[in-house]
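29 is the number of the first residue of the sequence shown in my numbering; add one for each residue after it.
No residue lacks a Cβ here, since even glycine has one placed at the ideal position from N, Cα and C.
Being a predicted model, the structure only gives us computed values, none of them experimental.
Below: one structure, written as structure tokens.
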Amino acid sequence: MISVMREDRSIGRLRCGAVLAALLVCSVPAALGQRVKQAEGLVDSAELKADIYFLASDDMAGRNIASPEDHIATDYIAAAFMRLGLKPVGDSGTYFQNMGILSGDVDEQRTTLTAKIGGVDHTYAINKDFRWNRQSLRPASACGPVLFAGYGINAPEYAYNDLAGVNLKGKVVLVFTREPQADDPNLKFMGTLDTYHAFYWDKIEQLRKQGVAGVLLVQDRVPRAVKPIRASAQRSAGGPSYALDGEMWDVPVFTIQRDVADQFLASSGKTADTLQADINRTGQPQSFDVPQASVCLSKTINGARTHHGRNVVALLEGSDPRLKSETVIVTAHHDHMGVIDGHIFHGADDDASGVAGVLEVARAMVKGNVHPKRSVLFIVYDGEERIFLGSYFYVTHPIVPLAKTVANVNLDMIGRDEDDPNWPLPEDRNVNMVNVLGTRYNPDLRRIIDEDNRKLGLKLDYKMDRVDPDSLWSRSDHFWFASLHIPQVEFQTGLHPDYHTENDSWDRINYPKLTRIVHLVFLSVADLANTSHAPSFDPSGAASAPTAAKGHAH
């Protein structure tokens with residue numbers, strides 16, 4: 029279902045062409061536009077500060093997924109939506125979309141990898157020959173013949189398919205991480221920028237849907253050159269794993285050392301290095317069944333528990349009889365990392381700032397009597413910190429049909445000033461800068477954002493649409509929408525030393541900048557909800573970015 033919708037959506041959207049894209053920023057009726065301008069003035073810095081103060085307070089104990097404190101946060105958000113009179117569109121007429129969350133610890137003694145290669149049995153050691161990857165927490169064992177599937181990617185927009193001509197069902201699939209020719213500016217994908225195909229989140233899901241018995245990821249030959257972010261205090265680490273109680277990544281997945289991969293490939297006369305070099309050189313897949321090689325993967329979970337998680341959802345219904353069935357989705361996430369070793373990870377920037385932004389956009393629209401043509405769906409997700417659990421649940425259980433979803437505007441960490449060694453620190457120390465991620469796929473969204481920023485004067489930074497050493501574009505809830513070819517964009521002010529530490533507190537937020545960002549988000553969402561023509565998604569990535577508003581973007 030999803031793969032078919034991908035293809036149909038992208039073809040339909042791309043037919044709009046450049047003419048329709050140019051109309052996006054100038055099709056809002058004058059009277060409605062005036063109402064939007066007046067409502068924009070209702071964005072209130074004091075309300076933003078109050079929301080963040082509450083959500084990031086000590087009493088909220090870091091809002092760990094499915095914790096009592098995180099449930100209090102969801103009650104707070106639902107109450108705000110209720111106060112505005114927004115339509116509850118969750119389960120049983122509530123503001124909550126409920127889901128099961130599993131937690132537990134990997135039993136390393138009973139999590140195993142064995143193989144029969146050329147008739148000889150082999151046993152491998154965890155944390156030496158192979159390691160656990162994030163996946164479902166359902167105990168499982170799987171055995172099957174080995175199939176080498178290149179990078180495990182099907183990318184029709186680049187005429188590349190590792191999965192063609194081979195039967196993956198019931199096989200243990202051996203694949204490389206990322207994508208062909210990664211980091212080569214001349215590659216057939218997107219040059220130095222990884223596409224959504226490159227990331228674990230989508231890759232494992234696509235292989236699972238093909239019916240594989242298990243997945244073995246081959247360790248990178250050369251690690252990515254990423255400079256670590258200095259930490260102002262202890263970073264969050266440890267504690268149990270969390271996963272959705274459902275199909276998401278419900279297949280055994282391990283990463284194996286390259287010498288182990290070479291053992292599995294030995295009967296073919298090939299090695300991981302030679303295969304990867306050949307694929308990168310030719311840009312062509314080289315998938316094949318590996319003779320005389322079979323593998324068994326087994327995983328066991330200790331202390332497994334089931335928890336109640338929930339997204340918070342509310343709808344502002346559109347006013348146009350024809351367009352009200354279409355929806356713009358505005359999102360953030362309410363969970364953070366909780367308390368670890370006595371340290372409260374407050375999560376003010378990550379992502380109380382985004383939650384406050386979503387609430388303030390909703391307030392301005394309702395209190396400003398803005399009745400957009402399209403509906404606006406506000407979602408505050410659970411489980412983002414555990415790799416987008418709530419957003420995955422949403423796109424697999426959509427409240428509005430995905431085919432009617434016009435765009436997703438995601439707010440994740442919009443309250444601080446970037447201080448990341450992977451990027452030069454300018455003289456103004458990014459005090460007025462916000463990163464805008466994802467417009468490589470969605471140039472129409474960039475046009476709207478640039479136009480709406482003209483009077484606000486924020487420094488819009490699109491650098492991560494060219495190169496993204498921290499892979500930040502792939503690290504938040506909008507990712508699933510991109511994988512479904514739905515236009516999406518993320519606003520984010522960048523990493524900093526307080527990221528995922530107890531120092532990410534409410535009193536360190538740059539409130540004047542946060543307020544300007546929320547102004548911009550409000551205007552952009554209003555334009556998206558009111559324009560006659562929906563934005564398009566370019567699955568291959570725009571070859572060149574559109575010209576930005578002079579002096580305000582780079």
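Following the DSSP letters along the chain, one finds N558 inside the alpha helix (DSSP H) bounded by residues 539-558. Burial of A562 is indicated by the presence of at least 16 other C-beta atoms within 10 angstroms of its C-beta. The residue among K115, G375, Y270, F316 with its C-alpha nearest the C-alpha of S85 is G375.
Using a 10 angstroms sphere on the CB of P471, the tally of other CB atoms reaches 16 or more, which defines it as buried. Taking the C-beta atoms as reference points, L405 is found nearer than 8 Å to V341. Residues G172, A241 of the same chain have their beta carbon placed closer than 6 Å to that of G198, with the five preceding and five following residues left out of the count. Annotation: E412 is outside any beta strand (DSSP E) and is labelled neither H nor E by DSSP. Beta-bridge partners assigned by DSSP to I154: F158. For L141, the uninterrupted beta strand (DSSP E) segment begins and ends at 140-145. I105: member of the alpha helix (DSSP H) spanning 96-112, first to last residue. The alpha-carbon separation between D278 and V134 amounts to approximately 15 Å. Ranked by how close their Cα comes to the Cα of E388, the residues Q62, R63, G61, E68 have E68 in first place. For R338, no alpha helix (DSSP H) encloses it; the enclosing beta strand (DSSP E) starts and ends at 329-344. H361 is bridged by DSSP to Y409. In the DSSP assignment, A74 falls within the unbroken alpha helix (DSSP H) covering 73-83. According to DSSP, Q516 shares a beta bridge with N436. By the CB criterion at 8 Å, F282 and L175 fall outside the cutoff.
Put simply, the backbone Cα of V549 is about 13 Å away from that of S381.
A buried status is given to G466, since no fewer than 16 other beta-carbon atoms sit within 10 Å of its beta-carbon. Going by C-alpha positions, T223 is about 31 Å away from D456.
Measuring C-alpha to C-alpha distances from V323 to each of I145, R63, A332, Q262 identifies I145 as the nearest. For L244, the uninterrupted beta strand (DSSP E) segment begins and ends at 242-246. At a Cβ-Cβ threshold of 8 Å, P497 and V254 count as neighbours. Between V117 and I415, the gap from beta carbon to beta carbon reaches 8 Å or more. Around the Cβ of K401, a 10 Å sphere holds 16 or more other Cβ atoms; the residue is buried. For V194, the secondary structure class from DSSP, reduced to helix, strand or coil, is coil. Restricting attention to D379, R263, V423, R338, the CA atom closest to the CA of F124 is found in R338.
In terms of Cβ geometry, T359 and D505 form a close pair [threshold 8 Å]. Secondary structure within the stretch 369-404: the alpha helix (DSSP H) runs of 4 or more consecutive residues, fully enclosed, are 381-395 (chain order).
Distances from the CA of H513 to each of H150, E185, V386 were compared; the closest alpha carbon is that of E185. The stretch 210-265 contains, as complete beta strand (DSSP E) runs of 3+ residues, the segments 242-246 (chain order). The closest CA to that of Q137, considering only D363, G147, Y152, A143, is found on Y152. Below 8 Å, too few C-beta pairs join the stretch 431-438 and the stretch 484-495 to call them touching: fewer than three. Secondary structure of Q312 (DSSP, three-state): coil. Under DSSP, the beta-bridge partners assigned to G128 are H336. Rounded to whole angstroms, G128 and A106 show a C-alpha spacing of 19 Å.
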